[in-house]
Structures are given as structure tokens and as C-alpha cells.
Amino acid sequence: MKILLLNGSPNKTGQTMTLAAMLTEKLDGEIKTVHTYDADVAACFDCKYCFENPGCAVKDEMQDIYKLIDWAELFLIASPVHFGIISAKLMTLASRVQTFWAAANVRKDMEKPAKIKGGVNIFTAGAKWNNMFLPCEGVSSLLFHSLGAEQIGSLYAAGTDALPVEQSSEAKRKAELTADRIKLFFNL
Ligand SMILES: Cc1cc2nc3c(=O)[nH]c(=O)nc-3n(C[C@H](O)[C@H](O)[C@H](O)COP(=O)(O)O)c2cc1C
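With my numbering as the guide, the letters of the sequence shown map in order to residues 1299 to 1486.
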């Protein structure tokens, strides 16, 4: 399986990447990771180039990420909750998925804009309250939909301020369940 992990955390060995590792260590395949805070990617500024042309007029590092999106079968979107939603840098990258949305909804020249078959959310939050990951889910579901990918599941760890992910048996169990779900989805 070809797996693209989009890390929206500024901390490469923090809570979010620890949770992501709990999942990916249960999966076979090639994993390519994009650390969004290292990527020189600008937000979409609505030039509408993609309303008439495939691709994106902005020639920055997103061009390499588009190639990875085209390569991957499974998309893992990982982010800490920052002020109630996915991190700002991940949101910046997400805005550049607009070109896939335009392919399907404006140009209507591609039946399926990307090869990616399925996506999984990996979200962490310092605190714990009801439905706290819903705003993050809203963004990611639009992202998966724009890529023509099915959302396979979500792996959450809340309350990381009190209990770090690596000490959480619940996080480990949920990571195993999510891995099983992915394998079922891909008939593995
Ligand atoms: C700028 C910023 C905003 C945050 N906002 C929230 C928040 O709204 N709700 C919450 O529960 N935790 C919030 N946190 C805590 C992080 O979500 C939490 O520590 C997360 O597990 C860190 O993951 P990381 O180690 O991968 O960066 C925030 C942290 C930062 C740095």
C-alpha cells in the first residue's frame, strides 16, 4: 500500500506523530511523510487558474505534494487541534486542494481527480470535551471528498496535556482498530 502522511504538527516527535506511528507501525507498505511546517507552500489566493486548467498556477513546494497525492492510495491527515481546528499550516495546504475540487466541480473533466482511494484522520488535542474534533472533521471530509477518497475512519487522542499519547493504552487500542479498518477497506 502506498501511504501519504500529511503531518500538520510543528512537532515531528510530538503527540500527533506518536499517534500516527502507532497506526503506521501496524500497516505494511511504503510511507511518505510531508511535514507541513517544513513546506514552503502558500495559501490558495483564488486566482481561478484551476477553473480552466489542470494543476495550480502557484509554483511552490505544493507542486511536489501534488505528485505525492497522485502517487498515494491511502491518505493520512494528522494534526493537533490548534484553537479548535486543524493547525494553520495544514489549513494552508488544504486550501491548495482547491484544484482537485475545481477538476470535479467546475471543469468537470476528470471522473476521479486523484488515485487516492481512502483517507484517515489522526487528531490530537490537549484538552477533552464533547465533539471537540468536529471542526477538524469538517475540513478533512471536504478534503477527502475533493480527492474522490472515501473516509475510512478517524483516530483521536484527546487530553494529551494530562496523558501523553505514548502512555495511553486507549490510544494504542484505537490505533490497532483503525489499522484493522484500513486493512478491511483495502481487502488486505
Ligand atoms: C497554538 C495552539 C493551540 C492549541 N489549541 C488547542 C485547543 O483549541 N484545544 C485543545 O484541546 N488543545 C489545544 N492545543 C494543544 C494541542 O492540541 C495538544 O498539545 C496536541 O496534542 C499537541 O500535539 P503535537 O505534540 O503533535 O503538536 C493547542 C496547542 C497550540 C500550540
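In this text, a Cβ means the ideal position worked out from N, Cα and C, and glycines have one as well.
Check                                                                                                                                                                       : Outcome
Mapping the DSSP letters down to three states, classify Ile1414 as helix, strand or coil.                                                                                   : coil
How many Å lie between Arg1479 and Ile1450 at the Cα?                                                                                                                       : 7 Å
Out of Ala1401, Val1418, Ala1460, Pro1378, which one is the CA nearest neighbour of Thr1316?                                                                                : Pro1378
Is the beta carbon of Ala1376 closer than 8 Å to that of Phe1398?                                                                                                           : no
Less than 8 Å between the C-beta atoms of Lys1415 and Glu1371, yes or no?                                                                                                   : yes
Below 8 Å between beta carbons: does that hold for Leu1391 and Leu1475?                                                                                                     : no
Using C-beta distances below 6 Å, list every residue in its chain close to Ala1400, excluding the 5 sequence neighbours before and after it, in chain order.                : Cys1348, Phe1349
If Ala1386 sits next to Gly1446, beta carbons under 8 Å apart, how far is it from one beta carbon to the other, in whole angstroms?                                         : Actually they are not in contact, since the Cβ atoms of Ala1386 and Gly1446 sit about 26 Å apart, beyond 8 Å.
So is the beta-carbon of Gly1417 under 7 Å away from any non-hydrogen atom of ligand 1?                                                                                     : no
From which residue to which residue does the alpha helix (DSSP H) around His1443 run?                                                                                       : 1432-1445
Excluding the 5 residues preceding and the 5 following Glu1464 in the sequence, name in chain order all residues of the same chain whose CB lies nearer than 8 Å to its CB. : Thr1316
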